[in-house]
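Numbering (numbering that gives the first Met the number 0), first residue to last: 0 to 159.
All residues carry an ideal CB built from backbone N, CA and C; glycine is no exception.
Only a predicted model underlies this, so the values are computations on that prediction, with no experimental measurement involved.
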Amino acid sequence: MSFFNRLYNENIVRDNGHIVKCLDSFCDPFPVSDELRKVLLVEDSEKYGIFSQPDREEFLFCLFKHLCLGGALCQYEDVLPPYLQTTKLLYKDLVSVRKNPQTKKIQITSSVFKVTAYDSAGVCYPSTKSHEQTFSYFIVDPIKRHVHVLYHSYGVGDMS
0 MSFFNRLYNE NIVRDNGHIV KCLDSFCDPF PVSDELRKVL LVEDSEKYGI FSQPDREEFL
60 FCLFKHLCLG GALCQYEDVL PPYLQTTKLL YKDLVSVRKN PQTKKIQITS SVFKVTAYDS
120 AGVCYPSTKS HEQTFSYFIV DPIKRHVHVL YHSYGVGDMS
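Take a look at the structure:
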């Protein structure tokens, strides 16, 4: 998970794993109360650039961001390790790898697709309501011929 070491290097997370807090603001509809959410959401923030656009398109980063932002009834963590551990476990469950016999290096064999479906009225899947935390990923393992689906529709649903 060295990909996320820059969060420590840029003082977004302290050495003890605690996420540095900041003054509360909103990046519609998310509350931004720490430097981590600033890096993830606020494009004009000072440290947004520590992850390049290609970095932000990596599936590992997308998983991490989805977990950090959470759902409508989310209670945020004050420390980074639970986010990293959960991201790692999810990634390992969804993505398949194999060792290249010649180079002995590990290669990812899965392909990840972010899926959106449209009908005559517009977007119909993963939801008719567009939201950053509404997503559907299809992770295809061509060797095992398996497809994993990671789906989330933002909101609390009907609570009656």
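Practice prompt. List the whole-angstrom C-beta distance separating F50 from F60, where the pair is believed to meet the contact cut-off of C-beta under 8 Å.
Written response: Within the sequence shown, the letter at position 51 stands for residue 50. Within the sequence shown, the letter at position 61 stands for residue 60. Going by Cβ atoms, the distance from F50 to F60 rounds to 7 Å, so yes, they are a contact pair.
Discussion item. On the DSSP letters alone, give me the boundaries of the alpha helix (DSSP H) that F58 sits inside.
Written reply: Taking the first residue of the sequence shown as position 1, residue 58 is located at position 59. Run containing F58: 58-68, per the alpha helix (DSSP H) assignment.
Discussion item. With distance defined between alpha-carbon atoms, name the residue in H151, L35, F63 nearest to S129.
Written reply: The count along the sequence shown starts at 1 and reaches residue 129 at position 130. Looking at H151, L35, F63, the one whose alpha-carbon comes closest to that of S129 is H151.
Worksheet item: Do you know offhand how far I18's Cα is from K98's?
Response: In the sequence shown, the residue the question calls residue 18 occupies position 19. In the sequence shown, the residue the question calls residue 98 occupies position 99. Using only the alpha carbons, I get a separation of about 35 Å.
Worksheet item: Mind checking whether L93 and C67 have CB atoms under 8 Å apart?
Response: Here residue 93 corresponds to residue number 94 of the sequence shown, with the count starting at 1. Here residue 67 corresponds to residue number 68 of the sequence shown, with the count starting at 1. Not closer than 8 Å, so no.
Practice prompt. Compute the Euclidean distance between the alpha carbons of P141 and Q106, then round it to the nearest angstrom.
Written response: Taking the first residue of the sequence shown as 1, we reach residue 141 at position 142. Taking the first residue of the sequence shown as 1, we reach residue 106 at position 107. P141 and Q106 have their C-alpha atoms spaced approximately 13 Å apart.
Discussion item. When you measure from the CB of E34 to every non-hydrogen atom of the ligand FAD, does any distance come out below 7 Å?
Written reply: In terms of ligand content, the structure shown is empty, and the ligand FAD therefore cannot be addressed.
Worksheet entry | Proximity of C26 and V12 at Cβ, strictly below 8 Å | Locating residue 26 in the sequence shown gives position 27, where the first residue counts as 1. Locating residue 12 in the sequence shown gives position 13, where the first residue counts as 1. One thing to note: C26 has its Cβ no nearer than 8 Å to the Cβ of V12.
Discussion item. At 4 residues or longer, what runs of the alpha helix (DSSP H) sit wholly inside the stretch 90-126?
Written reply: none
Worksheet item: What first and last residue would you give for the beta strand (DSSP E) that runs through V78?
Response: Start at 1 with the first residue of the sequence shown, and residue 78 comes out as number 79. Unbroken run through V78: none, as it is neither H nor E.
Worksheet item: If you check the beta carbons only, do G48 and Q132 fall under 8 Å apart?
Response: Mapped onto the sequence shown, residue 48 falls at position 49. Mapped onto the sequence shown, residue 132 falls at position 133. Not a contact, by the Cβ cut-off of 8 Å.
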